[in-house]
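Visitor: Mapping to our numbering: the sequence shown position 70 is 51, numbers consecutive. Have a look at this one before I ask anything.
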Amino acid sequence: MHTYKKKRFWAGILLAQFLLFFLFSKSKLIISAFEKFFEFQKGFHQILFSWIPFSFGDVLYILLGIVSLYLILLCFKKKSRNVALLKLLLIINLFYFTYQVSWGMLYFQTPIIKKLEKQEKPSLDKAKKLALIYLEKCKVTRKLVPEDKNGIFVVKDVKPIEQQILLQQQKLPQYISDKKASSINSIKPSLFKRVMNFTGILGYYNPFTAEAQYNSQLPSSFIPFTLAHETSHQLGFAREQEANFIGYLVGIHSENLELRYSTEYFTLKSLLRFIVEDDPNFVKSVIRNYSEGMKKDRLYEKNFIMRHQGWLDDFFGFTNNLFLKSNQQEGAITYSYFIDLLLNYEQDII
């Protein structure tokens, strides 16, 4: 029997991949090569898949899930166990290799915080000052955005927002991002939106097709910034909180009011989450000073989250937290890195 037809061979290859990519992650030169390759494959994949009106990456995930489940079931049958396990190991190897080459190594890029002039630890006082600044910004912008009949902020058309994001990505400060912004729109609503409502996942980037997916059933206050965040991954920023920061830079200077309001509101909420453990009374005071429109948006968000809470939310929160930590990140519920970046970037106004 040929070596490559043995289960031990593919199990060994998988173990060798773990070791190889771990060693790669320690080399700046190799990481730089992966960054260059990302630019190439992203451009190629966007040309290949962006014109398709639905998320082709989601279809790939569905097919992969069906095939994998079928092979797992065959593993319980004696006659087909060896062949099924062999094919399963082959799929895992191919999936892991493709993921690491096209995306996984980007988690080890030079952190944005090291590109900023000063690198001070976030202070509570500065966070409070900035929160008050963004409270006022939100109140002003909220008056200018469209509402539905119930007075809740509504996004009627995402296309202008998507185009504005791509435009703003080209204006990012060179010292923060020297990545090539694409003019190709490959942002798509997820096919899994109904399931996503119960997982707490707002959007995701598909590294196999270079598509940025979002949950189109989210409250409108979430959607524009979610688009900015996921396209930041598309730009090449793998770390979650860095994608938040790039999304912030894209949205905060935008001429599109929906995008600017969603970004300002996200920034305010992130600051309040950072502050609340140390000074809950300050946070309550800020929330009491929301404008009427902001209060309606907040209530709508809370009702949406309450309607969709459940075991799926807990499960995906747990698995996402493990995934983030395995890729040198702080975890799903830790906002301090984004706050680090935000306060260091905005220190001139605080």
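Don't be surprised by glycine CBs; every beta carbon is placed ideally from N, CA and C.
Based on the DSSP output, what are the partners of A14 in its beta bridges?
Guide: A14 pairs with nothing; no bridge assigned.
Visitor: Does the distance from the CB of L75 to the CB of K(-12) come in under 8 Å?
Guide: Their beta carbons are not under 8 Å apart, which means L75 does not touch K(-12) by this criterion.
Visitor: Taking 8 Å as the threshold, find out whether the segment 168 to 178 comes into contact with the segment 49 to 66 through three or more Cβ pairs.
Guide: With a cut-off of 8 Å, the segment 49 to 66 and the segment 168 to 178 do not count as touching, because too few Cβ pairs lie within range.
Visitor: Should the segment 225 to 242 be called in touch with the segment 129 to 149, which here means at least 3 C-beta pairs below 8 Å?
Guide: yes
Visitor: In this structure, does DSSP put Y42 in helix, strand or coil?
Guide: helix
Visitor: In the DSSP assignment, find the unbroken beta strand (DSSP E) run with Q194 in it and report its ends.
Guide: E192 to Y195
Visitor: Excluding the five sequence neighbours on either side, which residues of its own chain have a C-beta within less than 7 Å of the C-beta of Q22, listed in chain order?
Guide: Excluding sequence positions up to five before and after Q22, its CB lies within less than 7 Å of the CB of S83, all in the same chain and listed in chain order.
Visitor: Please list the terminal residues of the continuous beta strand (DSSP E) segment that includes Y340.
Guide: Outside the shown range of the chain, which is -18 to 331, sits residue 340, and nothing can be said about it.
Visitor: Quick one: Cα of S163 to Cα of W32, how far?
Guide: 14 Å
Visitor: Near S213, what residues of its chain come up, given a Cβ to Cβ distance below 6 Å and the 5 sequence neighbours on each side ignored?
Guide: A224, I227 and G228
Visitor: Let me make sure I understand the geometry here. Which of K161, E128, N270 and K60 has the alpha-carbon closest to that of Y281?
Guide: Per the Cα distances, E128.
Visitor: Apply the 10 Å Cβ neighbour rule to F3 and answer buried if 16 or more other Cβ atoms are within range, or exposed otherwise.
Guide: It is exposed - the Cβ of F3 has fewer than 16 other Cβ atoms within 10 Å.
Visitor: Alpha carbon to alpha carbon, how far is S202 from K283? Give it in angstroms, no decimals.
Guide: K283 and S202: Cα-Cα distance of roughly 12 Å.
Visitor: Let's see if you can read the secondary structure: which residues bound the alpha helix (DSSP H) around Y115?
Guide: Y115 -> alpha helix (DSSP H) spans L105 to R123.
Visitor: Once DSSP output is grouped into helix, strand and coil, what is the label at G274?
Guide: helix
Visitor: Nearest to S235 by CA position, among T190, T122, L1 and L105, is which residue?
Guide: T122
Visitor: Applying the criterion that 16 or more other CB atoms from any shown protein chain within 10 Å of the CB defines a buried residue, is I320 buried or exposed?
Guide: buried
Visitor: With 16 as the cutoff for other CB atoms within 10 Å, does T91 come out buried or exposed?
Guide: With fewer than 16 neighbouring CB atoms inside 10 Å of its own CB, T91 falls in the exposed class.
Visitor: Enumerate in chain order the residues of its own chain whose CB-to-CB distance from G132 is below 8 Å, with the five nearest sequence positions on each side excluded.
Guide: E273, G274 and K277
Visitor: Could you give the DSSP three-state label for L293: helix, strand or coil?
Guide: For L293, the predicted model reports a pLDDT of 44, less than 50, meaning its position is unreliable; a value from the coordinates is still stated below. L293 carries a helical assignment under DSSP once its states are collapsed to helix, strand and coil.
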